[in-house]
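J.: A single structure is presented below for examination.
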Amino acid sequence: MVETDPHTVATFAFARLQRDPAFRRRLPGLRNVYVCVESDLLEDVRRQATEHFPDGGEFACYFPRDKKLVFGVRHAGRGLFTHGRGVLPTTADQTIGMVVDVLTKDPDWTDAFLTVSTRDVEEQSLLG
């Protein structure tokens with residue numbers, strides 16, 4: 302069996318969620334969403350998200366093992382997040398998943414992220 306690329310699964314899962322009226326009511330203001338996978342390097346996500354959406358927007362970080370998307374807001378500029386006080390310092394091998402994991406465990410950041418299960422949409426899809 303051929304394994305599907307997690308970026309493909311993440312993109313299709315997000316597209317299917319967008320068609321769900323309950324999901325759109327839960328996240329009515331989504332715009333300029335950059336979909337990434339937890340294993341993507343943070344610097345790559347920052348650069349690409351800023352190139353595609355320089356005025357800011359949201360990101361959706363897909364965690365394949367947990368079958369979930371974690372949504373967060375990114376302000377205009379390079380790597381600024383809603384609760385951020387500037388660009389977060391990173392190392393060359395730091396992934397977006399590492400940052401999301403750390404921040405979602407911090408009580409000061411719990412309202413900055415929303416986690417949505419992709420289990421149902423993946424099961425409905427041929428990609429899951």
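Taken in order, the sequence shown gives residues 302 to 429; the numbers are from my numbering.
We put the beta carbon where it would ideally sit given N, CA and C, even for glycine.
(1) Quick test of the definition: if touching needs 3 or more C-beta pairs under 8 angstroms, does the region 349–358 touch the region 307–316?
(2) Quick one: using the 10 Å Cβ neighbour count with 16 as the cut-off for buried, is Thr392 buried or exposed?
(3) Can you tell me whether Val403 is buried or exposed, with buried defined as 16 or more other CB within 10 angstroms of its CB?
(4) From the DSSP output, which residues share a beta bridge with Phe313?
(5) Per DSSP, which residues does Leu415 bridge with? Please list them.
(6) Just the C-alpha distance for Val371 and Cys362, rounded to the nearest angstrom, thanks.
T.: Let me lay it out:
(1) The region 349–358 makes no contact with the region 307–316, as fewer than three CB pairs between them are under 8 angstroms.
(2) Position 91 of the sequence shown, counted from the start, is the residue given in the question as residue 392. Residue environment for Thr392: exposed (fewer than 16 other C-beta atoms within 10 angstroms of its C-beta).
(3) For the purposes of this step, residue 403 is identified with residue 102 of the sequence shown, where counting begins at 1. Exposed: under 16 other Cβ atoms inside 10 Å.
(4) The residue given as residue 313 occupies position 12 in the sequence shown. DSSP output for Phe313 lists no bridge partner at all.
(5) Here residue 415 is taken as the residue at index 114 of the sequence shown, counted from 1. Paired residue(s): Phe372.
(6) As a first step, residue 371 is located in the sequence shown; it is residue number 70 there, counting from the start. As a first step, residue 362 is located in the sequence shown; it is residue number 61 there, counting from the start. Rounded to the nearest angstrom, the two C-alpha atoms are 5 angstroms apart.
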